[in-house]
Amino acid sequence: MCYTYSRKGGITNMSKVKTAISIQDYLFQEMDALAHKTHIPRSNLFEKAVGDFLERQKNQQILKELNAVYSTAPSTEEKRWQRGTRLSHKKILEKNNGY
Numbered sequence: 009m010c011y012t013y014s015r016k017g018g019i020t021n022m023s024k025v026k027t028a029i030s031i032q033d034y035l036f037q038e039m040d041a042l043a044h045k046t047h048i049p050r051s052n053l054f055e056k057a058v059g060d061f062l063e064r065q066k067n068q069q070i071l072k073e074l075n076a077v078y079s080t081a082p083s084t085e086e087k088r089w090q091r092g093t094r095l096s097h098k099k100i101l102e103k104n105n106g107y
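Just add 8 to wherever you are in the sequence shown, counting from 1, and you've got the working numbering.
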């Protein structure tokens with residue numbers, strides 16, 4: 009069990025799991041060298057690397073979903089709304105900028 013102080017104050021409980029993994033030797037050597045150079049435990053470096061990887065995967069999934077949504081052409085109703093919004097925005101700009 010690991011306890012840390014949260015930014016909002018107080019102690020938070022962060023559960024840790026011990027695991028064994030197999031990685032290629034050159035990756036281990038590079039990670040070990042980085043751990044020594046930065047004085048950061050290897051476990052923390054691996055945790056950060058996995059966290060970054062998972063975040064990239066989530067972002068790629070979000071991008072994929074957004075691309076699917078925006079890949080279709082706007083409907084007639086959406087085009088009408090866009091046109092109306094552009095005209096409203098133009099009027100506001102003209103009023104505020106004295107054009």
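Think of the CB as a built atom: it goes at the ideal place given N, C-alpha and C, for glycine as much as any other residue.
For glutamine 69, the uninterrupted alpha helix (DSSP H) run begins and ends at 50-78, by DSSP. The Cβ atoms of alanine 43 and leucine 53 lie closer than 8 Å to each other.
Closest in alpha carbon position to valine 25, among Glu86, Ser51 and Asn105, is Ser51. In the structure shown, threonine 84 adopts helical secondary structure according to DSSP, grouped into three states. Per DSSP, the continuous alpha helix (DSSP H) segment holding glutamine 37 begins and ends at 33-46. CA-to-CA, the gap between tyrosine 78 and serine 30 works out to about 41 Å.
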